[in-house]
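A.B. asks: Pasting a structure here, questions to come.
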Amino acid sequence: MFEQARAHLDGVFDFLDTLDCYIGNQSWMELEIKDFAENDQRQIAALVSQNISEKLTYRAPFIRIIYVLSGALELQIDNKTLHYSAGCLIMANEWTKVEYRQYSPDEQKAEAEVVSFLFKKEYFTENVLNQLVEDSLMYRFFVENVKSSTKKSNFFVFEFEPNQDIHFYAMLLLKQVVKMRYKDNKITKSAFNLLVSEIGSLSEEYLKLKDSTLSSSILIHQIISDIEEGYQDTSLKDLADKYYFHPNYLSSFIKEETGKTFSELMIECRLKSACMYLKQTKLSVQEIIEEIGYTDKSYFYTIFKKEFGITPREYRRRYKS
1 MFEQARAHLD GVFDFLDTLD CYIGNQSWME LEIKDFAEND QRQIAALVSQ NISEKLTYRA
61 PFIRIIYVLS GALELQIDNK TLHYSAGCLI MANEWTKVEY RQYSPDEQKA EAEVVSFLFK
121 KEYFTENVLN QLVEDSLMYR FFVENVKSST KKSNFFVFEF EPNQDIHFYA MLLLKQVVKM
181 RYKDNKITKS AFNLLVSEIG SLSEEYLKLK DSTLSSSILI HQIISDIEEG YQDTSLKDLA
241 DKYYFHPNYL SSFIKEETGK TFSELMIECR LKSACMYLKQ TKLSVQEIIE EIGYTDKSYF
301 YTIFKKEFGI TPREYRRRYK S
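Residues in the sequence shown are numbered from 1 upward in steps of one, following the numbering used here.
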């Protein structure tokens, strides 16, 4: 099976040799990136650099997936200098400074081949993003870097084995992108989904370096604050829209970080507020129910008694006494 796959990859390289996707130096890379940026028909590009002795320091104002096909690299990412070989994969946003050059520690010539996938933000339609909802790491990376206005570096560095499926999926996407250079299609998106899904499934074991723009602890703190401030009428969809998340993903994220569902947090906030009104005001129970965002009186009585073991009127009477 592996020999058949290897033969197929050789065929991919033969196919690529007939097309213009190879880069020989810095100025060449900059020219290709400029052409990609100015061509409205293209939303994804794939470029392969070969045997680059000079350091590539090009500016790429796009989301990137950089994969080392063969050889070894000296990688400088946000001023961190690292050495990686075939199987290394970098995911970076437009604000991450990524520089690299061929690296031969044993002083033997080892040609490095590196494929760079470039993505314009328009590539990530809601349909494309929704395909990634089940993988929280990948989903957050693309959503935050596509829809957030934060101008901060965000990257992941993985160190996969060169004979893993990542390699085959990267080659599949490379072939498809080059083949469909001036347009995108379902097969290209499918190849992209295969590659990203495989990265996500192996991330826990092979993720070596990251610089996330927004930690989970900070994010959940902001979300809880929003719930506490807008508990009367905030919906899960409202929060999902605010943070550019799919509602299903946000629901899972809240549960994972707090141990409670969105609905349970909303009930907590509403009951806390109801107790404050019962203690400190003369508002009727019906007025309190409306004030905290409920319309069903019997439902409010049910959840209140389940939480405190007594009715709202009994709670007020006990507090005053």
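We treat Cβ as the ideally placed atom computed from N, Cα and C, and that holds for glycine. Here the structure is a predicted model, which means the values were calculated and not measured.
Under a Cβ-count criterion, where at least 16 other Cβ atoms within 10 Å of its own Cβ denotes burial, should Y299 be classed as buried or exposed?
C.D. replies: If you number the sequence shown from 1, residue 299 lands on position 299. Label assigned to Y299: exposed.
A.B. asks: Can you tell which of A274, G293, Q280 has its C-alpha closest to the C-alpha of K305?
C.D. replies: Numbered from its first residue, the sequence shown carries residue 305 at position 305. Comparing Cα-Cα distances from K305 to each of A274, G293, Q280, the minimum goes to A274.
A.B. asks: For a test of the three-state rule: what should DSSP assign to I224, helix, strand or coil?
C.D. replies: In the sequence shown, the residue the question calls residue 224 occupies position 224. In the structure shown, I224 sits in a helix (DSSP, three-state: H, G or I).
A.B. asks: For F124, which residues in the same chain have their Cβ closer than 7 Å to its Cβ, ignoring the five residues on either side in sequence?
C.D. replies: On the sequence shown, residue 124 is found 124 positions in, with the first residue counted as 1. Here the set comprises F142, V146.
A.B. asks: Helix or strand or just coil, what does DSSP make of E54?
C.D. replies: Taking the first residue of the sequence shown as 1, we reach residue 54 at position 54. Reduced to three states, the DSSP call for E54 is coil.
A.B. asks: Can the beta-carbon of L209 be found closer than 8 Å to that of F117?
C.D. replies: Within the sequence shown, numbered from 1, the residue matching residue 209 stands at position 209. Within the sequence shown, numbered from 1, the residue matching residue 117 stands at position 117. No, these two residues do not count as a Cβ contact at 8 Å.
A.B. asks: Could you tell me the distance, in whole angstroms, from the CA atom of V285 to the CA atom of L236?
C.D. replies: Taking the first residue of the sequence shown as position 1, residue 285 is located at position 285. Taking the first residue of the sequence shown as position 1, residue 236 is located at position 236. Going by the C-alpha atoms only, they are around 26 Å apart.
A.B. asks: With burial defined as no fewer than 16 other Cβ atoms inside 10 Å of the residue's Cβ, what is the status of D238: buried or exposed?
C.D. replies: Translated into positions along the sequence shown, residue 238 becomes position 238. The residue is exposed, with fewer than 16 neighbouring Cβ atoms inside 10 Å.
A.B. asks: Just reading off the beta strand (DSSP E) that F168 is part of, what are its end residues?
C.D. replies: Mapped onto the sequence shown, residue 168 falls at position 168. Unbroken run through F168 is the alpha helix (DSSP H), 165-179; no beta strand (DSSP E).
A.B. asks: Of the choices V157, A45, L129, whose alpha-carbon is the least far from that of M29?
C.D. replies: Translated into positions along the sequence shown, residue 29 becomes position 29. Ranking the options by Cα distance to M29, first place goes to A45.
A.B. asks: Can you tell me which of Y100, L75, T281 puts its alpha carbon nearest to the alpha carbon of R317?
C.D. replies: Residue 317 sits at position 317 when you count from the first residue of the sequence shown. It is T281 whose Cα lies nearest to the Cα of R317.
A.B. asks: Run through the segment 125-164 for me and flag every whole beta strand (DSSP E) of 3 or more residues, listed as ranges in chain order.
C.D. replies: Within the segment 125-164, the complete beta strand (DSSP E) runs of at least 3 residues are 155-159.
A.B. asks: When you compare only the Cα positions, how much space is there between K279 and S321?
C.D. replies: Within the sequence shown, numbered from 1, the residue matching residue 279 stands at position 279. Within the sequence shown, numbered from 1, the residue matching residue 321 stands at position 321. Rounded to whole angstroms, K279 to S321 spans 11 Å at the Cα level.
A.B. asks: With R316 as the anchor, note down where its alpha helix (DSSP H) starts and where it stops.
C.D. replies: Within the sequence shown, the letter at position 316 stands for residue 316. First-last of the alpha helix (DSSP H) with R316: 312-320.
A.B. asks: So, helix, strand or coil for N100, using DSSP?
C.D. replies: Position 100 of the sequence shown, counted from the first residue, corresponds to residue 100. Here residue 100 turns out to be Tyr, not Asn, going by the sequence shown. Strand at Y100.
A.B. asks: For I267, I'd like the list of residues in its chain whose CB is within less than 7 Å of its CB, leaving aside the five on either flank, ordered along the chain.
C.D. replies: Walking along the sequence shown from the start, residue 267 turns up at place 267. I303, listed in sequence order.
A.B. asks: Pull the bridge partners of D211 from the DSSP assignment, please.
C.D. replies: Along the sequence shown, read from residue 1 onward, the residue named residue 211 stands at position 211. DSSP lists F155 as partners of D211.
A.B. asks: Curious, which full-length beta strand (DSSP E) runs of at least 3 residues does the segment 23-77 contain?
C.D. replies: Segments of the beta strand (DSSP E) lying fully in the segment 23-77: 44-50, 63-70, 72-77.
A.B. asks: Can you tell me the Cα-Cα spacing of R313 and K272, whole angstroms?
C.D. replies: Taking the sequence shown and counting its residues from 1, one reaches residue 313 at position 313. Taking the sequence shown and counting its residues from 1, one reaches residue 272 at position 272. When rounded, the distance between both Cα atoms is 15 Å.
A.B. asks: Please state if the CB of I63 and the CB of N93 are separated by a distance shorter than 8 Å.
C.D. replies: What you label residue 93 is simply residue 93 of the sequence shown in a count that begins at 1. What you label residue 63 is simply residue 63 of the sequence shown in a count that begins at 1. Yes.
A.B. asks: If we ignore side chains and look at the alpha-carbon of each, how far apart do E32 and S149 end up?
C.D. replies: As a working note, residue 32 is residue 32 in the sequence shown. As a working note, residue 149 is residue 149 in the sequence shown. One C-alpha to the other measures close to 26 Å.
A.B. asks: Taking 8 Å as the cut-off, decide whether the C-beta atoms of S87 and L137 are in contact.
C.D. replies: Position 87 of the sequence shown, counted from the start, is the residue given in the question as residue 87. Position 137 of the sequence shown, counted from the start, is the residue given in the question as residue 137. Looking at the sequence itself, residue 87 is Gly, so the reference to Ser does not match. Result no, Cβ atoms of G87 and L137 do not sit closer than 8 Å.
A.B. asks: Below 8 Å, can you find three or more Cβ-Cβ pairs linking the segment 51-68 to the segment 94-102?
C.D. replies: Contact holds: three or more Cβ-Cβ distances are below 8 Å.
A.B. asks: Going by Cα to Cα distance, which pick from L195, E113, D165, E205 is closest to M91?
C.D. replies: Within the sequence shown, residue 91 is the residue found at index 91, counting from 1. Comparing Cα positions, the closest option is L195.
A.B. asks: Nearest to I23 by CA position, among Q76, A72, V48, is which residue?
C.D. replies: Along the sequence shown, one-based indexing puts residue 23 at 23. Measuring from the Cα of I23, the nearest candidate turns out to be V48.
A.B. asks: Hey, V115 and K189 are a contact pair by Cβ (cut 8 Å); roughly how many whole angstroms apart?
C.D. replies: Start at 1 with the first residue of the sequence shown, and residue 115 comes out as number 115. Start at 1 with the first residue of the sequence shown, and residue 189 comes out as number 189. No, V115 and K189 are not in contact; Cβ-Cβ is about 18 Å, not under 8 Å.
A.B. asks: Helix, strand or coil for T188, going by three-state DSSP, please let me know.
C.D. replies: The count along the sequence shown starts at 1 and reaches residue 188 at position 188. Three-state DSSP puts T188 in a helix.
A.B. asks: Since Y299 is in the alpha helix (DSSP H), which residue starts that stretch and which ends it?
C.D. replies: As a first step, residue 299 must be located in the sequence shown, where it is residue number 299. Unbroken alpha helix (DSSP H) run through Y299: 297-308.
A.B. asks: Out of curiosity, what's the CA-to-CA distance linking R270 and E205?
C.D. replies: Position 270 of the sequence shown, counted from the start, is the residue given in the question as residue 270. Position 205 of the sequence shown, counted from the start, is the residue given in the question as residue 205. Going by the C-alpha atoms only, they are around 41 Å apart.
A.B. asks: For F2, which residues of its own chain have a beta-carbon under 6 Å away from its beta-carbon, when the five flanking residues on both sides are left out?
C.D. replies: Translated into the one-based positions of the sequence shown, residue 2 becomes position 2. Note on F2: pLDDT 42, under 50, position unreliable in the model; the coordinate value appears next. Cβ neighbours of F2 beyond the five flanking positions: none.
A.B. asks: Would you report the Cα separation of T57 and N79, rounded to the nearest angstrom?
C.D. replies: Along the sequence shown, one-based indexing puts residue 57 at 57. Along the sequence shown, one-based indexing puts residue 79 at 79. Distance between the alpha carbons of T57 and N79 is about 12 Å.
A.B. asks: By the three-class DSSP mapping on this structure, what secondary structure does Y206 have?
C.D. replies: Here residue 206 refers to the residue found at position 206 when the sequence shown is read from its first residue. In this structure, Y206 counts as helix in the three-state DSSP scheme.
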